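So the protein sequences, as listed, match chains A and B.
Numbering of the first sequence is given in this note's numbering, commencing with residue 1 and proceeding in unit increments.
Numbering of the second sequence is given in this note's numbering, commencing with residue 193 and proceeding in unit increments.
Heads up, the thing below is written out as structure tokens.
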Amino acid sequence: MTVNMTKGQAISLQKNDGGTLTAVRMGLGWQAAPRRGLFGSRTREIDLDASAVLFADKQPVDVVFFRHLVSDDGSVRHTGDNLVGGVGQGGDDEAILVDLARIPVHIDQIVFTVNSFTGQTFQEVQDAFCRLVDETNGQELARYTLAGGGQYTAQIMAKVHRAGAGWQMTALGTPANGRTFQDLMPAILPHL
Amino acid sequence: MTAELVRGQNHPLPQARLEIRVSAGKPIVAGATLSDEQGTVHGVEWVAHPGSPTLPGLEVSKQAAADHRLACDLDALPESVHRVSVLLALPSGGPGPLRFGSVAAPFVAVTGLDGSEVASYTITGLDAESAVVALELYRRQGVWKVRAVGQGYAGGLAELLADQGLPQAHQLAGSINEAVAQGLARSVAAPPPRTSEGDRSRHAATPALGQNQGGATPQGAPGHVSPQHGHPGGPGHTAPGTPGHATPQGGHPGGPGQPDPSAVTQPAGAGAGGPVNYSHPGRQAAAPPPPPPTAPPAQPGQPAQPVAGDATGWSMEERLYNQVWGMFEDLARATAAYRSAVDFAESRMEQELDKVLSDPRSRIGGQGDAAREAARAKHSQLVDRAREALDRDLAQLTAEAEVVEPALPPAFARWDNPVWHGYRVPMEIPMALRLGDLHLPESAGLSIPMLVRLPLERGLWIDSGRSGSFDGSIADSDDLRRLGMDTAVAIAARLLAVYPAGEYTLHVIDPAGSGASSLAPLVQTGVLNGPPATGAAGVTDVLARLTQRVDLVQMAIRGGAADSLPSDLDPAEQLLIVNDFPHGFDDRAVTQLRYLADEGPAVGVHLMLVADREDATAYGPLLDPLWRSLLRLTPTPDDHLADPWVGHAWTYDPSRVPPGSQVLQHVLTQVAAARRSWNR
Numbered sequence: 001m002t003v004n005m006t007k008g009q010a011i012s013l014q015k016n017d018g019g020t021l022t023a024v025r026m027g028l029g030w031q032a033a034p035r036r037g038l039f040g041s042r043t044r045e046i047d048l049d050a051s052a053v054l055f056a057d058k059q060p061v062d063v064v065f066f067r068h069l070v071s072d073d074g075s076v077r078h079t080g081d082n083l084v085g086g087v088g089q090g091g092d093d094e095a096i097l098v099d100l101a102r103i104p105v106h107i108d109q110i111v112f113t114v115n116s117f118t119g120q121t122f123q124e125v126q127d128a129f130c131r132l133v134d135e136t137n138g139q140e141l142a143r144y145t146l147a148g149g150g151q152y153t154a155q156i157m158a159k160v161h162r163a164g165a166g167w168q169m170t171a172l173g174t175p176a177n178g179r180t181f182q183d184l185m186p187a188i189l190p191h192l
Numbered sequence: 193m194t195a196e197l198v199r200g201q202n203h204p205l206p207q208a209r210l211e212i213r214v215s216a217g218k219p220i221v222a223g224a225t226l227s228d229e230q231g232t233v234h235g236v237e238w239v240a241h242p243g244s245p246t247l248p249g250l251e252v253s254k255q256a257a258a259d260h261r262l263a264c265d266l267d268a269l270p271e272s273v274h275r276v277s278v279l280l281a282l283p284s285g286g287p288g289p290l291r292f293g294s295v296a297a298p299f300v301a302v303t304g305l306d307g308s309e310v311a312s313y314t315i316t317g318l319d320a321e322s323a324v325v326a327l328e329l330y331r332r333q334g335v336w337k338v339r340a341v342g343q344g345y346a347g348g349l350a351e352l353l354a355d356q357g358l359p360q361a362h363q364l365a366g367s368i369n370e371a372v373a374q375g376l377a378r379s380v381a382a383p384p385p386r387t388s389e390g391d392r393s394r395h396a397a398t399p400a401l402g403q404n405q406g407g408a409t410p411q412g413a414p415g416h417v418s419p420q421h422g423h424p425g426g427p428g429h430t431a432p433g434t435p436g437h438a439t440p441q442g443g444h445p446g447g448p449g450q451p452d453p454s455a456v457t458q459p460a461g462a463g464a465g466g467p468v469n470y471s472h473p474g475r476q477a478a479a480p481p482p483p484p485p486t487a488p489p490a491q492p493g494q495p496a497q498p499v500a501g502d503a504t505g506w507s508m509e510e511r512l513y514n515q516v517w518g519m520f521e522d523l524a525r526a527t528a529a530y531r532s533a534v535d536f537a538e539s540r541m542e543q544e545l546d547k548v549l550s551d552p553r554s555r556i557g558g559q560g561d562a563a564r565e566a567a568r569a570k571h572s573q574l575v576d577r578a579r580e581a582l583d584r585d586l587a588q589l590t591a592e593a594e595v596v597e598p599a600l601p602p603a604f605a606r607w608d609n610p611v612w613h614g615y616r617v618p619m620e621i622p623m624a625l626r627l628g629d630l631h632l633p634e635s636a637g638l639s640i641p642m643l644v645r646l647p648l649e650r651g652l653w654i655d656s657g658r659s660g661s662f663d664g665s666i667a668d669s670d671d672l673r674r675l676g677m678d679t680a681v682a683i684a685a686r687l688l689a690v691y692p693a694g695e696y697t698l699h700v701i702d703p704a705g706s707g708a709s710s711l712a713p714l715v716q717t718g719v720l721n722g723p724p725a726t727g728a729a730g731v732t733d734v735l736a737r738l739t740q741r742v743d744l745v746q747m748a749i750r751g752g753a754a755d756s757l758p759s760d761l762d763p764a765e766q767l768l769i770v771n772d773f774p775h776g777f778d779d780r781a782v783t784q785l786r787y788l789a790d791e792g793p794a795v796g797v798h799l800m801l802v803a804d805r806e807d808a809t810a811y812g813p814l815l816d817p818l819w820r821s822l823l824r825l826t827p828t829p830d831d832h833l834a835d836p837w838v839g840h841a842w843t844y845d846p847s848r849v850p851p852g853s854q855v856l857q858h859v860l861t862q863v864a865a866a867r868r869s870w871n872r
């Protein structure tokens, strides 16, 4: 029951049985660039990066990305940088695991972003997708297809924010440009 | 002569007494239904299942298992029975799989009593189904035949039974599942699966990425796989099976008491459900480790009860080591979460107060006060919530520490742990050594064992100076020096005790003899090879010997000629304790010491310096690399150690022998005795 979310659509991360989500994973997958020409070493790899920025009252207080794989409090973990993408099997090449129950109390929003570190636009990347998965049962909550996304090198994917006692997810899907999450900060702030 | 049947194919049965063997990768339920000429099952008495395993001419297992043998005597079946359907189902409600698509294709064979196979059938192509009619044995013109059916049902047993026209299908399916659950409860617990969950991650809430990743269809999902009504007697004509009426003649005569010589009881297929074992059967060294103690499943809404050794590892020691490091990391991160929340609350309050202050309107009337009050309330509310979360985490870690501490082996245990009273000289080198305790100001009651891997990778520096930020309770620097030496002796004694006899040699340089009282336990029990070296001559002598040893071993290793080392070379690891550095050291000795600190650890020569850095100021920056290369410890609690994750300043508390305790003498006496018998 994947929800192919549209921009700005909000879904509550409540489970069907009323319990709230305890863990979500943001997965990012893409296909390695096809090898061109005679010199294999000269094929340009595509490196997409997933990042999660943790906000407290609209101020960024922590970030999890390939240079800081675990948030200081340990609740958000990046599984590690993948520089070349997968083989297009549909699996996640990079993933960020969020243990919602353990997030420090002052953090009220987490924004997930995707950047093209090597600079290719999403038009050039094949089979790129990002998705949010309920870690407890592996169900996909939301999925975006990035491929063919136009002349952009980044996307602000979604934000997970506190709503009452639980968490809610809002799909953002805003295209942007930037090499790492830092370049996206101006684009993220209006969404908080 | 085996016939390998494909779906729908039939095969004559040569004899009446048969066994039906089922094997699946995982424990499954096997049963059978009897039906009449129209294919109708007339009541629950016509179903053999784990709750009621015996019918005339038919017996099934009482429990779920990966392998089944169903006994069947076609001649003993009631006359009205024209068909026996063998059905398989996955046990519901357990930890096992919920769909046949996630297990290996079940294999069913009809054999004679002697084991000769008559026909076999592998049920392939199953997906979301959780119950399946595997075979049917049917009577056609007086002759029994077997047909491969392979009809699956996504709705499970209930749907399967309903399809056979059984009016009480749902109740029966429920009672079968209950009987299976009871059978599982009776049987020996299967070993915990060595898969992802539990073991690998420390958080009970961490989900498994295992079998369900493909988006499991929930059991009973409507409409996904609809049964085909291919064979005669589909639900169309069998609907009028009025409840409770059509009891077959002699429906339940024998009951469970009827003896059946061919009945074979099955052990609970505990092992058969596990993962494939790739180890070579003849190779014993790769024996898998005993399963770790895992925490019992938590009550909903409650954290799991902690268990000592609840971590990965090949041995209990390794698991405890990993668990302690896991606790260390969790405490560091939980505290980081608390601190960042408090910092944030404070900075937000300051900003809000500033805003109030700079707003001219707030100076009139009570508006400003109210705004200030609101800012403070927000602050304290957030801090309270953060403290609540921290207290929750601390309670969990404290509970874990309470079970872990008593379970620790000597090398990891505090001196006051009873394990030291039952001390025996070990046969193996432990993987790590406890140097002391670590704690944070937020959680003073919870201390984490500071474990370092053995052999030591760097030397130790017991700082007997006043450079540390201690609270001034010890005014006298002589006291500090004595405490420093006590700490060094306690650590050295621990190292001696946790190594097998004769595998650790201690050298002591005490140039002025000022450490004599602290060294007494080592000297008196006779664990030293010689008395502590004193004076400049002693310093030179010990350093020369150790330097030569490092040179020799290095040369031997580089030249690949370890055999040619002199036979009188002590193969044990060496530890040199230097008291009062740099007292009694000349330039040459200092250079040698630096050489030992740099090159020694790789060839088993370690250094423990008890020194006040102030004493060595005369050497200037020359010694800075030496201090940096050593791990600084303090004889009094001092917050100078940083964790590798967040970089908190942890307070180090040395592991000292409780005052008045004889445990150190007791342990060292045993070590000395073992060394004597080993030397002989």
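Yeah, the Cβ is synthetic: ideal placement off N, Cα and C, and Gly gets one too.
Given the structure is predicted, the values throughout are model-derived calculations rather than measurements.
Helix, strand or coil at residue i according to DSSP, with G and I counted as helix
i      : result
E140/A : strand
A764/B : coil
N369/B : helix
D47/A  : coil
V499/B : coil
R737/B : helix
I769/B : strand
S215/B : strand
L364/B : helix
H106/A : coil
Q255/B : coil
A320/B : coil
R577/B : helix
Where the beta strand (DSSP E) containing residue i begins and where it ends
i      : result
Y313/B : E309 to T314
Q109/A : Q109 to S116
F299/B : F299 to G304
R160/B : Nothing in the structure corresponds to residue 160/B, since chain B is present only between 193 and 872.
F129/A : Q126 to D134
Y615/B : Element bounds for Y615/B: n/a, residue is neither H nor E.
Straight-line gap, residue i to residue j (C-alpha atoms, nearest Å)
i      : j      : result
G390/B : F777/B : A caution first: G390/B carries a pLDDT of 36, below 50, which makes its placement in the model unreliable, though a value can still be read off. Cα to Cα, the separation comes out at about 55 angstroms.
D816/B : S635/B : 34 angstroms
R143/A : N514/B : 37 angstroms
P204/B : L197/B : 12 angstroms
D72/A  : A808/B : 38 angstroms
D134/A : A171/A : 15 angstroms
A464/B : V325/B : Bear in mind that a pLDDT of 46 at A464/B, under 50, signals an unreliable position, so the model cannot answer this.
F296/B : G223/B : According to the sequence displayed, residue 296/B carries Ala and not Phe. Their Cα atoms are separated by approximately 19 angstroms.
G705/B : L856/B : 21 angstroms
S253/B : R339/B : 22 angstroms
P622/B : L512/B : 12 angstroms
Cβ-based neighbour list, residue i, same chain, cut-off 8 angstroms, excluding 5 preceding and 5 following
i      : result
D57/A  : H106 and D108
S759/B : none
W336/B : P204, L205, A208, L266, L329 and Y330
N-terminal and C-terminal residue of the alpha helix (DSSP H) that residue i is part of
i      : result
E509/B : M508 to S550
A685/B : S669 to V690
M619/B : No alpha helix (DSSP H) contains M619/B, which DSSP labels as neither H nor E.
Beta-carbon contacts of residue i that lie in its chain and below 6 angstroms, excluding the five residues immediately before and after
i      : result
G560/B : V548 and S554
V111/A : V53, K159 and I188
D47/A  : L83, F117 and T118
V214/B : A222, H260 and V300
Close-in-space but distant-in-sequence residues of the same chain around residue i (CB under 7 angstroms, 5 per side omitted)
i      : result
L146/A : V114, F122, V125, A128, F129, C130 and Q155
Neighbour flag for residue i against chain C, beta carbons, 8 angstroms
i      : result
P175/A : Absence of chain C from the displayed structure is noted, the protein chains being A and B.
For this session: Could you name each continuous beta strand (DSSP E) segment of 3 residues or more that falls completely within the region 806-871 of chain B, going from the start of the chain to the end?
Result: Inside the region 806-871 of chain B, DSSP marks whole beta strand (DSSP E) runs of 3 or more residues at positions 823-825, 830-834 and 841-846, from first to last along the chain.
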